[in-house]
Amino acid sequence: MVSKVVVGAIVLVVALAIGGYILLASQPQQPVQVTAGGASFPQPVITKWTSEYNKLYPHIQISYQPIGSGGGQNNLFAKTFDFAGSDAPLTDAQLANYTVLHVPETIGGVVVSYNIPNLNVTIRLTADVIAQIFQGNITKWDDAAIASLNPSLNMPDADIVVVRRSDSSGTTFVFTSYLSNASSLWQLGSGQTVNWPVGLGGSGNSGVASLIQQTPYSVGYVEYFYAKNNNLPTAAIRNQNGEFIEPSLASVGEAARQGKGLLSSDVRSAIVNMPGSGAYPISSFTYLLVFKDLSYMTQAKATAIVNFIWWAIHDGQNYTEALYYPKLPSDIVTLGEGILRQITYNGVPILT
Amino acid sequence: MKAKKSSAHYNRQDAIFKSILISASLLVVGLFVALFLMLISGSMPSILGNGFGFLTGTTWDPGKGIYGALPAILTTIATSLLAVALAIPIALGIAIFFTEYAPEKAKFSLTLFIDLLAAIPSVIFGIWGLWVIAPLIKTYVQQPIVASIGFIPIFGGPAYGISLSLASLILAMMVVPIIASLTIEIISRTPVSLKEGMISLGATKWETVKHVSLPFARLGILAAVMLGLGRALGETMAITMIIGNSYMWPFANPSIFAPATSITSKIASEFYEATSAIYVGSLIELSLILLVITLVTNALFRYVIKKTNRGARRQ
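Quick note, the sequences are listed as chains A and B, same order.
By the count of the working numbering, the first sequence reaches residue 352 at its end, each step adding exactly one.
By the count of the working numbering, the second sequence reaches residue 667 at its end, each step adding exactly one.
Quick look at the structure:
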């Protein structure tokens, strides 16, 4: 009996010792806290990445605050954010003041969603028709321009309720960039806010989605993810090849692939209205912005940031499709690698 | 027993206590002045860049560098006044019922509900307005009105639910408990002797209320209304969710069923994404204008109260 207790005690002590040793040996290195923020559009993906990355490297903690692209940029310039997410790339004027690099991290598609009672099917639209609807030139669903694109559907004789963003937004930027590019009838220009002549303004993608859901005969634009999540129907839009393309991971990814040439000359290029079979026309890259010279922070933090972004555009891509974001095409990943290699610490590239 | 402390000790203690109190009071003054100066310096890029046209302009197009604040200013004033106009009869009704008619048991639960209503965060009013009230008033209020008297521009269609009038209605819900609880407070202070006098003269309850309680509480009710108006002017979250955020009211579409944009919803919607100095400055100037509107209403009410007070004494 006694010997049993002794053996038990010894086993326990040894087990505790081994356990303690393992705990000590795996004691994390000096913790690294990285603060980032910006665009809300890629937030679901970035949040997934930061938590997965934290499981791999428990001493690195990255927080991402979805305060909007503009806020992200301003905080990056003020160096309160270590890196920023932005749907809209920096302008030449901003780049003249701040030497910031753009790494494309994922791709978004902006979809035209609608709520037409008893007509829960895909309708077909063109850039010219969308431009006229959102400028208030086409006001009825049975307008000849819409009906001729959808001859098999019985469009109702009802007023169109336009729903758009009330807040400044990268989504609006992509949508209006597309219309500026693809329709000569579009007169509102492109930007994160434009002077809408008609319609209801919803706050955020979710605000627009909920307005569409509860307003019969409405039409609006949201990120693909939100239309999917809310089960909103989405329009097939005619691309440069004359095909009507429905938004999907594949068709948005195809637009990104077609954009490779443009991006290798300037990574900030828009990929709206891309030529090429199967490309969804209202697509856009979203970027992580980071200073080219990271000497202003600790070396551990600088290395952590570069390694994290490297991981995000490689292994991190395996998590995106479940969240309705397409994977980066391999050409764009290669492009991103080249950009990350330019980042230096005290004049020395961080990645070797 | 402790030894008696010298009076000098007490004086010193008193002085310290007094200086703490003074600095607490000065803090309020200092905060306000600092805030005001900050708003002015923050709006400088807009004041210099947009000039006086900012106050009269009706277009807001950051992409083209055009900033005009008039629709937002008018919407803020219109929604707040409409909200208070809707709230006053309801709040007075509650207050009169409470003080003159309600049995003791009902009083307790009524107070509870008024307090609860006042404590509901505005974002909840926003969600409720967006999901529940908007479809209801669209179908049962706005559409019938548009169908019958829609030819009058301010009642014109189409009715979306989400609109200036919905924002006013939800604001009224938020203002009612403020006005009601203060008015209850004031009416209950009506001297009992006055009321008893009325009743002994054979007056009905309603006559007592009309001739004694309400005149007695007049100034207090005015003050309560002012507080309510202040709340309505500054409310942001709920408004942003239900007003529709369109800059077309009142110039392109004067209907109260049209979507509009208030000063607060404009700032809340655009501040985080504003990048250029003049854009940020224009939004800060909007908040400066809101502050001035609040100050002017405050001053106006003080003036009215002073006037009526003097008039009352002279009688």
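We put the CB at the ideal spot given by N, CA and C, even for glycine.
Contacts that residue i makes with chain B (C-beta to C-beta distance below 8 angstroms)
{"i": "Asn195 of chain A", "result": "Thr411, Trp412, Asp413, Gly415, Lys416, Ile418, Tyr599"}
{"i": "Asn74 of chain A", "result": "Thr627"}
{"i": "Gly108 of chain A", "result": "Correct list: empty, because the minimum Cβ distance to chain B is about 16 angstroms."}
Closer than 8 angstroms at the beta carbon, the chain A residues around residue i
{"i": "Ser621 of chain B", "result": "Ser166, Asp167, Ser168, Gly201, Ser203"}
{"i": "Pro669 of chain B", "result": "Lying outside 353 to 667, the shown extent of chain B, residue 669 of chain B is not represented and no answer is given."}
{"i": "Glu625 of chain B", "result": "Gly68, Ser69, Gly70, Gly71, Asp167, Ser168, Ser169, Gln192, Thr193"}
{"i": "Pro427 of chain B", "result": "For the sequence presented, residue 427 of chain B should be read as Thr rather than Pro. Per Cβ cutoff of 8 angstroms: no residues; Thr427 of chain B is ~13 angstroms from chain A at best."}
{"i": "Met578 of chain B", "result": "Within 8 angstroms Cβ-Cβ: nothing; Met578 of chain B doesn't reach chain A, min ~30 angstroms."}
Host beta strand (DSSP E) of residue i (start-end)
{"i": "Gln61 of chain A", "result": "60-65"}
{"i": "Pro104 of chain A", "result": "100-115"}
{"i": "Ser355 of chain A", "result": "Beyond the ends of chain A as shown, which are 1 and 352, falls residue 355 of chain A; an answer cannot be given."}
{"i": "Glu246 of chain A", "result": "Counting along the chain, Glu246 of chain A falls outside any beta strand (DSSP E), and DSSP gives it neither H nor E."}
{"i": "Ser86 of chain A", "result": "83-86"}
Chain-ordered chain A contacts of residue i [CB-CB under 7 angstroms]
{"i": "Met390 of chain B", "result": "Within chain A, no residue comes near Met390 of chain B; the closest Cβ sits about 18 angstroms away, beyond 7 angstroms."}
{"i": "Met396 of chain B", "result": "Residues of chain A passing the Cβ test: none, with the nearest at roughly 18 angstroms."}
{"i": "Thr592 of chain B", "result": "Ser203"}
{"i": "Pro505 of chain B", "result": "Those do not exist, as Pro505 of chain B stays about 17 angstroms from chain A at its closest Cβ, beyond 7 angstroms."}
{"i": "Gly586 of chain B", "result": "By Cβ distance, chain A contributes nothing, its closest Cβ being about 18 angstroms from Gly586 of chain B, past 7 angstroms."}
Reference residue i, options the options, closest by Cα
{"i": "Ile160 of chain A", "options": "A:Met297, A:Leu76, A:Lys140, A:Ile107", "result": "A:Lys140"}
{"i": "Val219 of chain A", "options": "A:Phe244, A:Phe134, A:Ile305, A:Asn230", "result": "A:Phe134"}
{"i": "Val174 of chain A", "options": "A:Gln342, A:Gly108, A:Thr234, A:Ile309", "result": "A:Gly108"}
{"i": "Arg90 of chain A", "options": "A:Ala127, A:Thr80, A:Gly38", "result": "The question names Arg, but residue 90 of chain A is Leu in the sequence shown. Measuring from the Cα of Leu90 of chain A, the nearest candidate turns out to be A:Gly38."}
{"i": "Val112 of chain A", "options": "A:Gln33, A:Tyr224, A:Lys48", "result": "A:Tyr224"}
{"i": "Gln132 of chain A", "options": "A:Gln187, A:Lys327, A:Phe83, A:Arg238", "result": "A:Gln187"}
{"i": "Val34 of chain A", "options": "A:His59, A:Val333, A:Ile237", "result": "A:His59"}
{"i": "Thr410 of chain B", "options": "B:Leu652, B:Ile372, B:Ser598, B:Ile522", "result": "B:Ser598"}
{"i": "Ser184 of chain A", "options": "A:Pro151, A:Thr344, A:Val129", "result": "A:Val129"}
{"i": "Leu643 of chain B", "options": "B:Ala470, B:Leu389, B:Leu574, B:Ile506", "result": "B:Leu389"}
{"i": "Asn181 of chain A", "options": "A:Pro247, A:Asp167, A:Tyr325, A:Ala270", "result": "A:Ala270"}
{"i": "Phe609 of chain B", "options": "B:Tyr492, B:Met550, B:Ile440", "result": "B:Tyr492"}
{"i": "Thr234 of chain A", "options": "A:Thr193, A:Phe285, A:Asn120, A:Phe81", "result": "A:Asn120"}
{"i": "Ala569 of chain B", "options": "B:Ser395, B:Leu444, B:Leu378, B:Val436", "result": "B:Leu444"}
{"i": "Thr193 of chain A", "options": "B:Tyr362, B:Leu400, B:Ile418, B:Ala386", "result": "B:Ile418"}
{"i": "Ser398 of chain B", "options": "B:His361, B:Ile591, B:Met550, B:Ile641", "result": "B:Ile641"}
Limits of the alpha helix (DSSP H) - the one that residue i falls within
{"i": "Phe77 of chain A", "result": "69-77"}
{"i": "Phe388 of chain B", "result": "359-402"}
{"i": "Phe477 of chain B", "result": "474-480"}
{"i": "Val528 of chain B", "result": "516-539"}
{"i": "Gln135 of chain A", "result": "It is not in any alpha helix (DSSP H) - Gln135 of chain A carries neither H nor E in the DSSP assignment."}
{"i": "Leu468 of chain B", "result": "456-471"}
Within 8 angstroms, strictly: CB atoms of residue i and residue j
{"i": "Pro42 of chain A", "j": "Gly85 of chain A", "result": "yes"}
{"i": "Ser169 of chain A", "j": "Leu482 of chain B", "result": "no"}
{"i": "Val45 of chain A", "j": "Thr320 of chain A", "result": "yes"}
{"i": "Ile514 of chain B", "j": "Ile594 of chain B", "result": "yes"}
{"i": "Arg583 of chain B", "j": "Met525 of chain B", "result": "no"}
{"i": "Ala256 of chain A", "j": "Ser283 of chain A", "result": "yes"}
{"i": "Tyr631 of chain B", "j": "Pro414 of chain B", "result": "yes"}
{"i": "Phe404 of chain B", "j": "Glu637 of chain B", "result": "no"}
{"i": "Gln317 of chain A", "j": "Pro275 of chain A", "result": "no"}
{"i": "Asp293 of chain A", "j": "Thr99 of chain A", "result": "yes"}
{"i": "Ile539 of chain B", "j": "Ser565 of chain B", "result": "yes"}
{"i": "Thr428 of chain B", "j": "Ser614 of chain B", "result": "yes"}
{"i": "Leu468 of chain B", "j": "Leu534 of chain B", "result": "no"}
{"i": "Val32 of chain A", "j": "Leu288 of chain A", "result": "no"}
{"i": "Val252 of chain A", "j": "Pro329 of chain A", "result": "no"}
{"i": "Leu464 of chain B", "j": "Ala454 of chain B", "result": "no"}
Sheet register partners of residue i (DSSP bridge)
{"i": "Asp159 of chain A", "result": "A:Lys140"}
{"i": "Pro349 of chain A", "result": "A:Thr344"}
{"i": "Thr234 of chain A", "result": "A:Ser113"}
{"i": "Asp413 of chain B", "result": "B:Ile418"}
{"i": "Tyr221 of chain A", "result": "A:Val112"}
{"i": "Gln33 of chain A", "result": "A:Gln61"}
Residues that residue i contacts on chain B, provided the C-beta gap is smaller than 7 angstroms
{"i": "Asp159 of chain A", "result": "Pro510"}
Chain-ordered neighbours of residue i on chain B, where CB pairs are closer than 9 angstroms
{"i": "Ser210 of chain A", "result": "Leu482, Trp483"}
{"i": "Gly189 of chain A", "result": "Asp413, Gly415, Lys416"}
Heavy atom of the ligand COA within 7 angstroms of residue i beta-carbon
{"i": "Ile271 of chain A", "result": "The model on display carries no ligand, and the ligand COA is accordingly not part of it."}
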